[in-house]
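Numbering (UniProt numbering), first residue to last: 1 to 450.
Glycine is no exception: its CB is placed at the ideal position from the N, C-alpha and C atoms.
Okay, structure first, notes after.
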């Protein structure tokens with residue numbers, strides 16, 4: 001089944017009709033095209049019918065993705081494969097029955113010996129082929145200590161944990177209620193114990209280099225508001241991340257301001273209408289100015305009190321050097337005096353001339369440095385072209401902001417130099433997990449949320 005959209009009738013109706021039509025005779029393969037699909041639903045329905053789901057990303061290599069999927073499933077060698085082990089000799093067995101075994105694929109089963117001194121056991125492998133049944137009686141030998149050291153420590157145990165987590169997450173897709181909660185808790189415990197990054201866990205990398213803000217924003221499915229709240233509520237562990245990012249604007253637009261001397265950070269939003277131009281940075285000494293123009297979703301959400309807005313155009317200028325950069329999700333223009341040069345996000349460019357360095361990373365980001373002042377990184381966030389609501393937008397990062405003068409102002413620029421604030425009267429907020437407080441900053445008294 002191929003789809004690029006949402007179910008247009010009830011999910012339970014679709015699931016029931018599909019299951020009844022298939023009657024266990026065939027596997028169901030679901031291919032979801034683009035970002036507008038309900039992929040969880042597709043995966044759940046495929047697993048219910050002994051198949052699998054794949055997301056096909058709308059890119060120039062979509063045909064290669066389809067070919068790869070076809071190569072994966074086009075030649076089933078066996079069906080109803082079972083690997084049976086002596087029950088009194090093993091425990092904690094991972095999944096040991098498989099609906100299909102495809103040419104070029106592999107089946108891996110892991111478990112624990114009950115008797116740690118046992119060195120081998122017999123496994124009964126059965127399956128059905130095209131013209132005959134398959135039967136094999138094999139002897140499994142215990143991995144030696146020497147082999148375990150050679151493949152980096154407790155490899156077999158980690159393999160068992162990996163397979164078990166994978167199995168629990170698969171069962172979780174179709175589960176509901178208490179069963180789903182138990183499967184989630186078990187998978188989470190194993191993920192944390194064996195340090196696997198899974199859909200239930202995350203990884204914070206502390207030793208990031210210059211390109212780190214770009215890498216961090218590849219995960220474009222995450223809501224930036226949630227990300228900001230998470231980070232601001234746990235700044236002591238993640239403060240190095242803020243120091244590296246320094247000052248940034250992204251998403252709706254969310255401003256995140258590191259305050260290293262406080263080991264904390266300030267996050268805030270600007271609620272303006274699409275079309276508004278915001279002055280972000282203005283430094284009369286270095287001559288650098290940064291402005292951003294807001295765009296909204298493709299259509300207005302009449303139920304929302306505040307409409308989502310994003311940066312659809314960013315302009316960076318240095319009046320002393322007579323340089324100007326204008327960036328949209330479609331094109332990049334650099335103007336040096338009266339001379340204009342245009343690029344698109346499909347270009348990979350390194351441009352160096354007096355007072356200017358511009359690096360464009362194809363379809364991802366650009367880095368700009370003008371004179372001896374701060375550097376700027378602009379990130380391109382792309383969404384599915386046919387998405388009914390969202391459209392491409394930009395994110396801005398200011399690096400080496402200490403090179404701007406103390407006279408710098410603007411929505412972002414006002415925070416580029418030492419900032420002091422006081423937190424008073426911490427008390428429960430509307431969300432029990434996020435306390436409210438009073439903040440005194442720049443002689444203003446504000447109500448804030450941790």
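Start-to-end residues for the beta strand (DSSP E) that takes in residue i
i	result
residue 365	365-370
residue 80	76-84
residue 97	97-102
residue 408	Residue 408 -> no beta strand (DSSP E), and no H or E assigned at all.
residue 165	It is not in any beta strand (DSSP E) - residue 165 instead sits in the alpha helix (DSSP H) that spans 155-174.
residue 50	Note, residue 50: premise wrong, no beta strand (DSSP E); not H, not E.
residue 430	Run containing residue 430: none; DSSP gives neither H nor E here.
residue 120	120-128
residue 6	Premise fails: residue 6 is in no beta strand (DSSP E) and is neither H nor E.
residue 311	309-318
residue 361	356-361
residue 339	339-344
residue 280	277-283
residue 293	288-296
residue 265	264-269
residue 445	444-449
residue 395	393-399
residue 32	29-33
residue 107	No beta strand (DSSP E) holds residue 107; DSSP gives it neither H nor E.
residue 349	349-353
Test item: CB-CB of residue i and residue j under 8 Å
i	j	result
residue 365	residue 351	no
residue 297	residue 427	no
residue 281	residue 267	no
residue 200	residue 188	yes
residue 285	residue 405	yes
residue 165	residue 43	no
residue 111	residue 386	no
residue 450	residue 435	yes
residue 327	residue 378	yes
residue 347	residue 360	yes
residue 53	residue 32	yes
residue 287	residue 308	no
residue 19	residue 41	no
residue 34	residue 345	no
CA nearest to the CA of residue i, picked from the options
i	options	result
residue 102	115, 69 and 114	69
residue 410	279, 319 and 119	279
residue 9	38, 31 and 175	38
residue 446	43, 31 and 425	425
residue 421	430, 437 and 406	437
residue 271	306, 161 and 22	306
residue 105	432, 31, 277 and 75	75
residue 117	90, 343 and 265	90
residue 321	330, 309, 357 and 178	357
residue 277	383, 287, 295 and 283	295
residue 439	430, 423 and 108	423
residue 83	1, 100 and 158	100
residue 198	30, 169, 159 and 130	169
residue 269	176, 72 and 448	448
residue 339	349, 329 and 324	324
residue 373	408, 343 and 382	408
residue 2	368, 14 and 30	30
Segment limits, alpha helix (DSSP H) that includes residue i
i	result
residue 374	First-last for residue 374: undefined, no H or E at that position.
residue 488	For residue 488 there is no data in the structure shown, the boundaries of the chain being 1 and 450.
residue 18	11-22
residue 182	177-194
Whole-number beta carbon distance between residue j and residue i, since they are thought to touch under 8 Å
i	j	result
residue 163	residue 127	That belief does not hold up - the Cβ atoms of residue 163 and residue 127 are roughly 19 Å apart, past 8 Å.
residue 355	residue 371	5 Å
residue 107	residue 81	7 Å
Open item on the list: Closer than 8 Å is the cut-off here; do at least three beta carbon pairs connect the stretch 57-76 with the stretch 88-97?
Closed with: no
TODO: Spell out a yes or no on whether the stretch 21-32 and the stretch 46-55 are touching, meaning 3 or more CB-CB pairs, one atom from each, closer than 8 Å.
DONE: yes
Task: Given 8 Å, three or more beta-carbon pairs between the stretch 288-299 and the stretch 254-267 - done: no
Task: Validate contact between the stretch 305-316 and the stretch 393-402 using beta carbons, cut 8 Å, 3 pairs - done: yes
Open item on the list: With a threshold of 8 Å, are at least 3 pairs of Cβ atoms found where one atom belongs to the stretch 354-364 and the other to the stretch 399-408?
Closed with: no
Open item on the list: Would you call the stretch 333-348 in contact with the stretch 407-415, where contact means no fewer than 3 C-beta pairs closer than 8 Å?
Closed with: no
TODO: State whether the stretch 189-197 contacts the stretch 114-122, with contact taken as three or more CB pairs (one from each stretch) at a distance under 8 Å.
DONE: no
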